[in-house]
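Colleague:
There are 2 protein chains.
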Amino acid sequence: MILIDGKKISQEIRQEIARETELMIQQGARAPHLAAVLVGHDGGSETYVANKVRACAEVGFQSTLIRFEEDVTEKLLLETVEQLNNDPEIDGFIVQLPLPRHINEQKIIEAISPEKDVDGFHPVNVGKLLIGLPCFVSATPSGIMELLRRYHIETSGKHCVVIGRSNIVGKPVSMLMAQKTNPGDATVTLCHSRTRNLKELVSQADIIIAALGSPGFVTGDMVKEGAVVIDVGTTRVPSSETKSGFRLRGDVLFEEVAPKCSYITPVPGGVGPMTIVSLLRNTQLAAKRR
Amino acid sequence: MILIDGKKISQEIRQEIARETELMIQQGARAPHLAAVLVGHDGGSETYVANKVRACAEVGFQSTLIRFEEDVTEKLLLETVEQLNNDPEIDGFIVQLPLPRHINEQKIIEAISPEKDVDGFHPVNVGKLLIGLPCFVSATPSGIMELLRRYHIETSGKHCVVIGRSNIVGKPVSMLMAQKTNPGDATVTLCHSRTRNLKELVSQADIIIAALGSPGFVTGDMVKEGAVVIDVGTTRVPSSETKSGFRLRGDVLFEEVAPKCSYITPVPGGVGPMTIVSLLRNTQLAAKRR
Chain A
8 MILIDGKKIS
18 QEIRQEIARE
28 TELMIQQGAR
38 APHLAAVLVG
48 HDGGSETYVA
58 NKVRACAEVG
68 FQSTLIRFEE
78 DVTEKLLLET
88 VEQLNNDPEI
98 DGFIVQLPLP
108 RHINEQKIIE
118 AISPEKDVDG
128 FHPVNVGKLL
138 IGLPCFVSAT
148 PSGIMELLRR
158 YHIETSGKHC
168 VVIGRSNIVG
178 KPVSMLMAQK
188 TNPGDATVTL
198 CHSRTRNLKE
208 LVSQADIIIA
218 ALGSPGFVTG
228 DMVKEGAVVI
238 DVGTTRVPSS
248 ETKSGFRLRG
258 DVLFEEVAPK
268 CSYITPVPGG
278 VGPMTIVSLL
288 RNTQLAAKRR
Chain B
8 MILIDGKKIS
18 QEIRQEIARE
28 TELMIQQGAR
38 APHLAAVLVG
48 HDGGSETYVA
58 NKVRACAEVG
68 FQSTLIRFEE
78 DVTEKLLLET
88 VEQLNNDPEI
98 DGFIVQLPLP
108 RHINEQKIIE
118 AISPEKDVDG
128 FHPVNVGKLL
138 IGLPCFVSAT
148 PSGIMELLRR
158 YHIETSGKHC
168 VVIGRSNIVG
178 KPVSMLMAQK
188 TNPGDATVTL
198 CHSRTRNLKE
208 LVSQADIIIA
218 ALGSPGFVTG
228 DMVKEGAVVI
238 DVGTTRVPSS
248 ETKSGFRLRG
258 DVLFEEVAPK
268 CSYITPVPGG
278 VGPMTIVSLL
288 RNTQLAAKRR
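These protein sequence lines map, in sequence, to chains A and B.
Counting with the numbering used here, you get residues 8 to 297 for the letters of the first sequence.
Counting with the numbering used here, you get residues 8 to 297 for the letters of the second sequence.
1) What are the residues in the segment 160–177 of chain A lying within 7 Å of chain B by C-beta distance?
2) Is B:I32 near B:A38, with beta carbons less than 8 Å apart?
3) Could you tell me the alpha carbon to alpha carbon distance between B:T71 and B:R254, rounded to whole angstroms?
4) So B:E232 and B:K267 are supposed to be a Cβ contact under 8 Å. How far apart are they, rounded?
5) Is the segment 166–174 of chain A touching the segment 280–291 of chain A, taking contact as three or more C-beta pairs under 8 Å?
6) Between A:R254 and chain B, is the shortest Cβ-Cβ distance under 8 Å, so that the two count as touching?
7) Kindly indicate which residue of A:E112, A:N93, A:P148, A:L83 has the alpha-carbon position closest to the one of A:I283.
8) Nearest by alpha-carbon distance to A:R201: which of B:K123, B:G240, B:A57, B:G191 is it?
9) In chain order, what residues of the same chain lie with their CB nearer than 8 Å to the CB of A:G276, ignoring the 5 residues before and after it?
10) Looking at chain A, which residues of the segment 86–113 of chain B have a Cβ within less than 8 Å of any of its Cβ atoms?
11) Compute the Euclidean distance between the alpha carbons of B:A217 and B:F128, then round it to the nearest angstrom.
12) Would you kindly work out how many angstroms separate the C-alpha atoms of A:L208 and B:D228, rounded to a whole number?
13) Indicate the three-state DSSP secondary structure (helix, strand or coil) for B:Q103 in the structure shown.
14) For A:C198, write down the residues that DSSP places opposite it in a beta bridge.
15) Relative to the alpha-carbon of B:V179, which residue among A:S145, A:H199, A:I138 has its alpha-carbon at the smallest distance?
16) Can you pull the chain C residues whose beta carbon is under 7 Å from the beta carbon of A:R201, in chain order?
17) Are there 16 or more other CB atoms within 10 angstroms of the CB of A:N58, so buried, or fewer, so exposed?
18) Taking A:L183 as the query, report the chain B residues whose CB atoms sit under 7 Å from its CB, ordered along the chain.
19) Rounded to the nearest angstrom, what separates B:I115 and B:S181 at their Cα positions?
20) Quick one: grab the DSSP three-state call for B:A185.
21) Quick one: give me the first and last residue of the alpha helix (DSSP H) that A:Q69 is part of.
22) Would you list, in chain order, the members of the segment 130–141 of chain B that have their beta-carbon closer than 9 Å to a beta-carbon of chain A?
23) For a test of the three-state rule: what should DSSP assign to B:A212, helix, strand or coil?
24) Can you tell which of B:K250, B:P245, B:E248, B:I237 has the C-alpha that lies nearest to the C-alpha of B:V259?
25) Are the beta-carbon atoms belonging to B:G164 and A:R203 less than 8 Å from one another?
26) Starting from B:I151 and walking both ways along the alpha helix (DSSP H), at which residues does that stretch end?
27) Could you tell me the boundaries of the alpha helix (DSSP H) in which B:G288 lies?
28) Which of helix, strand or coil does DSSP assign to A:T272?
29) So, under 8 Å CB-CB, B:Y270 and B:I160 are touching, yes? Tell me the CB distance rounded to an integer number of Å.
30) Return the residue from the list B:F143, B:S145, B:L45 that minimises the CA-CA distance to B:R74.
31) Give me the Cα-Cα distance between B:F261 and B:M8, rounded to the nearest whole angstrom.
32) Are the beta-carbon atoms of A:V235 and A:G257 separated by less than 8 Å?
33) Pull up the distance between the alpha-carbon of A:R296 and that of A:G150, whole angstroms please.
34) In chain order, what residues of the same chain lie with their CB nearer than 6 Å to the CB of A:F143, ignoring the 5 residues before and after it?
35) Please list, in chain order, the chain A residues whose beta carbon lies closer than 9 Å to that of B:L208.
36) Straight-line CA distance for B:R108 to A:A118?
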């Protein structure tokens, strides 16, 4: 069993991005510049955005954090998006989700220029992903594909079972895995809460991508000997063993499943660390396109 | 075994559309107006466009056919698209594909305003389809879903195996079948040329959607007793029995498969007649939105 070390891979990619940024600057271009819009003071969102800003600094990117209070109007947020769309100094930007209830999230997402939508949530980028055109792929699906690529995991002709049909993981990663690319070219089964014979289906899989958000859902008896297991779950559960009082648990019951796998991602330290790296790569791509 | 009569259903829907159009006109609105852009003189394209124009007349729509010779420039075509985008008298329009090689098809598709893209090929519409937002769904996936709906075929929790990963059928219909809708809510497996154990997978399916363009590919031994079979294939093969010298063959070996099915679409007369109806419905929807 080989542990897929997302932390290590993400550090390697950060170094690659940093080197490329240096090169850009040496050649007279300015550094890639990411802006993040943060509304309110949700603890999770604060942490995510702080990590993104810190990651930018580490790879030599500029970053700008734009903060609004919880009661910001949709109108002002849309104006901000429009300013960022038109600002030649900004290569890409994100609006940290979730937004307060009085704001139409989809309206904000669709207001972002697809060329600066480094989160890859705009319908244009999602549509291009399905069609197989170059686009900004959102962080988690992109991170999963990159892990498969870096570990040279054979996917062509394999049966990949995706558990969970979310718009940000299950559906896009299904399309990426089915596409005529490497990694990709897999037969893909998309399972979800309505799936009847889930255990039977999952146990046929050469590659399992678990993205349903249910701690320990995938048990040893569901996994075929030699399978590749990608665990996207990151549910916070209370824990007396950590200072913070909680720990992250994946969708896979690691102790049972790991011994049967050829490859498996741990939680934490698997897919998680790859997501910020995907955002950095998209931002670099946006900067190169200018 | 119940034969899914696409011809009959499409006529019923045409009547519904015609009635709704009458109502619109009675209420003082103008009739929905579809424009079709046809480049060159390809026999297939001529026929398709002529059928679309005729269908418009039958349901009381206005239609406009814009013709260009094979040597039209991309620039002129883009200008035409722009005019149609801005023309308040046009509710929706299509550019008949394929286009001559010197024209970038994707560039033309992306120039069409998503609000008038009644073919549903613009990335915005494809992206919204994946996300599950209201959008123009392209003709064939939309026709398939409508047949399932009209025949009250249970899809929730069923295992649907889609054969063929094209951008216009396999990929979008996979996403629609997996979505939390009715019809939909199915477990979906997307198979293609690289799939290894295709026969084994297809024989597990409660619903088979064959869209690979290989006549008679799905044979009796691949189909579970009681399965629902949707045959999207329409390959022209030579025939001494027809005046035209050819006949249409589906991807399913009907004689072998039909006796095992609960429901099956014939070719011709199954999915085929539904495609123009889907275009008419999209055009009516576009007209209502104005």
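Even for Gly, the Cβ is constructed at its ideal location relative to N, Cα and C.
Modeller: Quick answer:
1) S163, G164, R172, N174
2) On the second sequence, residue 32 of chain B is found 25 positions in, with the first residue counted as 1. On the second sequence, residue 38 of chain B is found 31 positions in, with the first residue counted as 1. Yes, the Cβ-Cβ distance between B:I32 and B:A38 is below 8 Å.
3) Translated into the one-based positions of the second sequence, residue 71 of chain B becomes position 64. Translated into the one-based positions of the second sequence, residue 254 of chain B becomes position 247. Using only the alpha carbons, I get a separation of about 30 Å.
4) Translated into positions along the second sequence, residue 232 of chain B becomes position 225. Translated into positions along the second sequence, residue 267 of chain B becomes position 260. Rounded, the Cβ-Cβ distance is 5 Å, consistent with contact.
5) no
6) As a first step, residue 254 of chain A is located in the first sequence; it is residue number 247 there, counting from the start. A:R254 does not count as touching chain B.
7) Position 276 of the first sequence holds residue 283 of chain A. When only C-alpha atoms are compared, the closest one is A:P148.
8) If you number the first sequence from 1, residue 201 of chain A lands on position 194. The residue with the shortest Cα to Cα distance from A:R201 is B:G191.
9) The residue you call residue 276 of chain A lines up with position 269 of the first sequence. Correct list, in chain order: D12, G13, K14.
10) Q113
11) Along the second sequence, read from residue 1 onward, the residue named residue 217 of chain B stands at position 210. Along the second sequence, read from residue 1 onward, the residue named residue 128 of chain B stands at position 121. Distance between the alpha carbons of B:A217 and B:F128 is about 21 Å.
12) Along the first sequence, one-based indexing puts residue 208 of chain A at 201. Along the second sequence, one-based indexing puts residue 228 of chain B at 221. One C-alpha to the other measures close to 21 Å.
13) Counting from 1 along the second sequence, the entry for residue 103 of chain B is found at position 96. Coil.
14) Here residue 198 of chain A is taken as the residue at index 191 of the first sequence, counted from 1. A:I170.
15) Along the second sequence, read from residue 1 onward, the residue named residue 179 of chain B stands at position 172. The sequence as given places Pro at residue 179 of chain B; Val does not occur at that position. For the residues A:S145, A:H199, A:I138, the minimum Cα distance to B:P179 belongs to A:I138.
16) The chain labelled as chain C is not found among the protein chains of the depicted structure, namely A and B.
17) In the first sequence, residue 58 of chain A corresponds to position 51, counting from 1. The residue in question, A:N58, is exposed, as its Cβ has fewer than 16 Cβ neighbours within 10 Å.
18) Position 176 of the first sequence holds residue 183 of chain A. Within chain B, no residue comes near A:L183; the closest Cβ sits about 11 Å away, beyond 7 Å.
19) Here residue 115 of chain B corresponds to residue number 108 of the second sequence, with the count starting at 1. Here residue 181 of chain B corresponds to residue number 174 of the second sequence, with the count starting at 1. Each residue's Cα considered, the two are about 26 Å apart.
20) Residue mapping note: residue 185 of chain B aligns to position 178 of the second sequence, counting from 1. It is helical.
21) As a position in the first sequence, residue 69 of chain A is number 62, starting the count at 1. Careful: A:Q69 lies outside any alpha helix (DSSP H), inside the beta strand (DSSP E) at 69–75.
22) P130, V131, N132, V133, G134, K135, L136, L137, I138, G139, L140
23) If you number the second sequence from 1, residue 212 of chain B lands on position 205. Looking at B:A212 - three-state DSSP - the assignment turns out to be coil, as it is neither helix nor strand.
24) Locating residue 259 of chain B in the second sequence gives position 252, counting from the first residue. Checked all of B:K250, B:P245, B:E248, B:I237; the closest Cα to B:V259 is B:I237.
25) Mapped onto the second sequence, residue 164 of chain B falls at position 157. Mapped onto the first sequence, residue 203 of chain A falls at position 196. In this structure, A:R203 lies closer than 8 Å to B:G164 by Cβ.
26) As a working mapping, residue 151 of chain B is identified with position 144 in the second sequence. Its alpha helix (DSSP H) spans residues 146–157.
27) What you label residue 288 of chain B is simply residue 281 of the second sequence in a count that begins at 1. Rather than Gly, the amino acid found at residue 288 of chain B in this sequence is Arg. 279–296 is the extent of the alpha helix (DSSP H) around B:R288.
28) What you label residue 272 of chain A is simply residue 265 of the first sequence in a count that begins at 1. Of the three classes helix, strand and coil, the one that applies to A:T272 here is coil, per DSSP.
29) Residue numbering aside, residue 270 of chain B sits at position 263 when the second sequence is read from its first letter. Residue numbering aside, residue 160 of chain B sits at position 153 when the second sequence is read from its first letter. Confirmed, Cβ separation roughly 6 Å.
30) The residue given as residue 74 of chain B occupies position 67 in the second sequence. When each option's Cα is compared against that of B:R74, the closest is B:L45.
31) Numbered from 1 along the second sequence, position 254 holds the residue referred to as residue 261 of chain B. Numbered from 1 along the second sequence, position 1 holds the residue referred to as residue 8 of chain B. Their Cα atoms are separated by approximately 12 Å.
32) Locating residue 235 of chain A in the first sequence gives position 228, counting from the first residue. Locating residue 257 of chain A in the first sequence gives position 250, counting from the first residue. No. Outside cutoff.
33) Here residue 296 of chain A refers to the residue found at position 289 of the first sequence. Here residue 150 of chain A refers to the residue found at position 143 of the first sequence. About 21 Å.
34) Within the first sequence, the letter at position 136 stands for residue 143 of chain A. Within the same chain, A:F143 has close Cβ partners D124, V125, G127, N132, N289.
35) In the second sequence, the residue the question calls residue 208 of chain B occupies position 201. Chain A residues near B:L208: H166, T194, T196, Q211.
36) For the purposes of this step, residue 108 of chain B is taken as residue 101 along the second sequence, with counting starting at 1. For the purposes of this step, residue 118 of chain A is taken as residue 111 along the first sequence, with counting starting at 1. Cα to Cα, the separation comes out at about 34 Å.
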